[in-house]
Amino acid sequence: MAAKTDSDSSTPSVRSKAAYTVLRFIGDSIKDDSTSDDSKESLEVAMECLQAVFGMNLDEAENNDTYKKLPSLQSLIENGLSDDEKHVEAERLKNEGNTKLKNEQYNEAISLYTRAITLSPSNPPYYANRAAAYIKIEELHKALDDCQTAVGLKPDYARAHGRMGFIYSKLSRTQEARASYQKAVECDPNNLEYKSALQGLVEAPSASQAPPMPGGGAQMPFDINNLLSNPGFMNLASSVMSNPMFQNMATRMFQQAPPPGQAPPFGQQQQQQAPPTGQPGEGGAEADPSSNPNPPPPGAGPLPPPFLGMNFATMMPHIAEMGRQMQERDPVAFEDFRQRASAQFAATHNDEPTPPKDKDDKK
Numbered sequence: 001m002a003a004k005t006d007s008d009s010s011t012p013s014v015r016s017k018a019a020y021t022v023l024r025f026i027g028d029s030i031k032d033d034s035t036s037d038d039s040k041e042s043l044e045v046a047m048e049c050l051q052a053v054f055g056m057n058l059d060e061a062e063n064n065d066t067y068k069k070l071p072s073l074q075s076l077i078e079n080g081l082s083d084d085e086k087h088v089e090a091e092r093l094k095n096e097g098n099t100k101l102k103n104e105q106y107n108e109a110i111s112l113y114t115r116a117i118t119l120s121p122s123n124p125p126y127y128a129n130r131a132a133a134y135i136k137i138e139e140l141h142k143a144l145d146d147c148q149t150a151v152g153l154k155p156d157y158a159r160a161h162g163r164m165g166f167i168y169s170k171l172s173r174t175q176e177a178r179a180s181y182q183k184a185v186e187c188d189p190n191n192l193e194y195k196s197a198l199q200g201l202v203e204a205p206s207a208s209q210a211p212p213m214p215g216g217g218a219q220m221p222f223d224i225n226n227l228l229s230n231p232g233f234m235n236l237a238s239s240v241m242s243n244p245m246f247q248n249m250a251t252r253m254f255q256q257a258p259p260p261g262q263a264p265p266f267g268q269q270q271q272q273q274a275p276p277t278g279q280p281g282e283g284g285a286e287a288d289p290s291s292n293p294n295p296p297p298p299g300a301g302p303l304p305p306p307f308l309g310m311n312f313a314t315m316m317p318h319i320a321e322m323g324r325q326m327q328e329r330d331p332v333a334f335e336d337f338r339q340r341a342s343a344q345f346a347a348t349h350n351d352e353p354t355p356p357k358d359k360d361d362k363k
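In terms of the UniProt record's numbering, the sequence shown opens at residue 1 and continues consecutively.
Spelled out as structure tokens, the structure:
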């Protein structure tokens, strides 16, 4: 159905322009991810009624250049708002976006943050919050753009720098990740999470710098000898290894055939090892504890009891290999574990409470 026009003119009437503006607003609301399914159904019914009343078909009207040039109803209203009114509305949209984000409605949150940015484009937290939503849906480059915009508006914005560090880490851009976390620490020196993440990046050499695995295997992203000489890590690893869930997981993984050149599964290694102390085998002798090539460092406490017939130092290369495989199979989950472990380690050695999880900006 064609839109009504002024008499003796092909130009749409003011009435038709107003009707089109309202219909387009309803159409945009139907497409908006923040609109619930029930609301969309109601809006579709309203659109059908309005199209019948005004004798207009929205799809046909959108092919008219005159209609295309009309500003949206939302922009007309927003442009008529005072600065204070824009700020109030933008804050309302941001808070609604925060709620959607917490409810894991990430696309809806992005839509609301975007509307807030339209009203108040110079507000850094809006970009940082939208970046958090983009991270959740793995739109890392969009998240990075938002963080860069946020720090451009507010250079000392620690949260935006910290999120950039996290994004760079997930993109395997270690140098940029270090720089971003360093800046976050400078802006917020009391934030243990940023300190821990930075420390982890500083201490961990890149894969190209790490020593090769025994047997010519793939290179590791960290040095086993350095880990074994770290009392804090030894205590942490001992605690992890005593967890039955970890033991079951390790047993299943080590029973699988490893890549060529790597250590054989635990079952095979047990057959190759000498019998336990006090039960020398044929032609064998009791193990000499002093022959351990990796004794516990001072302050680390005693090594945990043998697990599957292997002592702690013997198991470390296998644990490291398991970590490498986990990193290859799911780098996102591996990075999340690394950051959580780093934060726990820092909190333990600083005698300070672990910082709360990163929350949405409130201002």
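Just so you know, even glycine gets a beta-carbon here, dropped at the ideal spot from N, CA and C.
For residue 154, the three-state secondary structure derived from DSSP is coil. DSSP, read as helix, strand or coil, puts residue 137 in coil. About 11 Å separates the beta carbon of residue 113 from that of residue 95, a gap too long to meet the 8 Å contact definition. The shortest C-alpha to C-alpha distance from residue 165 to any of 17, 154, 144, 156 is the one to 144. 8 Å or more divides the Cβ of residue 135 from the Cβ of residue 110. In the structure shown, residue 186 falls within a helical segment according to DSSP collapsed to helix, strand and coil. Classified as buried, residue 125 has 16 or more neighbouring CB atoms from the shown chains inside 10 Å of its CB. DSSP places residue 42 inside the alpha helix (DSSP H), whose first and last residues are 37 to 54. Looking at 84, 191, 26, the one whose alpha-carbon comes closest to that of residue 161 is 191. With 16 or more other CB atoms across the displayed protein chains lying within 10 angstroms of its CB, residue 98 is buried. Remark: three or more beta-carbon pairs, one from each stretch, lie closer than 8 Å, so the segment 11 to 27 and the segment 53 to 72 are flagged as touching. Excluding five sequence positions before and after residue 35, the CB atoms of its chain that fall closer than 6 Å to its own CB belong to 29, given in chain order.
About 15 Å separates the beta carbons of residue 156 and residue 127, which is beyond the 8 Å limit, so they are not a contact pair.
The beta-carbon distance between residue 163 and residue 131, rounded to whole angstroms, is 6 Å. This is short enough to meet the 8 Å contact definition. Around the Cβ of residue 137, a 10 Å sphere holds fewer than 16 other Cβ atoms; the residue is exposed. Sequence-distant Cβ neighbours of residue 194 in its own chain, meaning closer than 6 Å and more than five residues away, are 162, 181, 184, 185. Taking all protein chains shown into account, residue 187 has 16 or more neighbouring C-beta atoms within 10 Å of its C-beta and is therefore buried.
Residue 173 and residue 102 have their alpha carbons spaced roughly 28 Å apart. Burial check for residue 100: the Cβ neighbour count within 10 Å reaches 16 or more, so the residue is buried.
Take residue 51, set aside five residues on each side of it, and the residues of its chain with a beta-carbon closer than 7 Å to its own are 23, 57, 58, in chain order. A straight line joining the alpha-carbon of residue 69 with that of residue 84 spans about 28 Å.
Under the DSSP assignment, residue 112 falls in the alpha helix (DSSP H) whose first and last residues are 106 to 119.
Taking each of 150, 121, 67 in turn and checking the Cα distance to residue 14, the smallest one comes out for 67.
Shown here, residue 71 sits in coil according to DSSP, grouped into three states, outside any helix or strand. Taken through DSSP and simplified to helix, strand or coil, residue 33 comes out as coil. Judged by DSSP in its simplified three-state form, residue 11 adopts coil rather than helix or strand. DSSP, read as helix, strand or coil, puts residue 173 in coil. The three-state reading of DSSP puts residue 196 in helix, counting H, G and I together. Look at residue 16 here: in three-state DSSP terms it is helix.
The three-state reading of DSSP puts residue 122 in coil, since its state is none of H, G, I, E or B.
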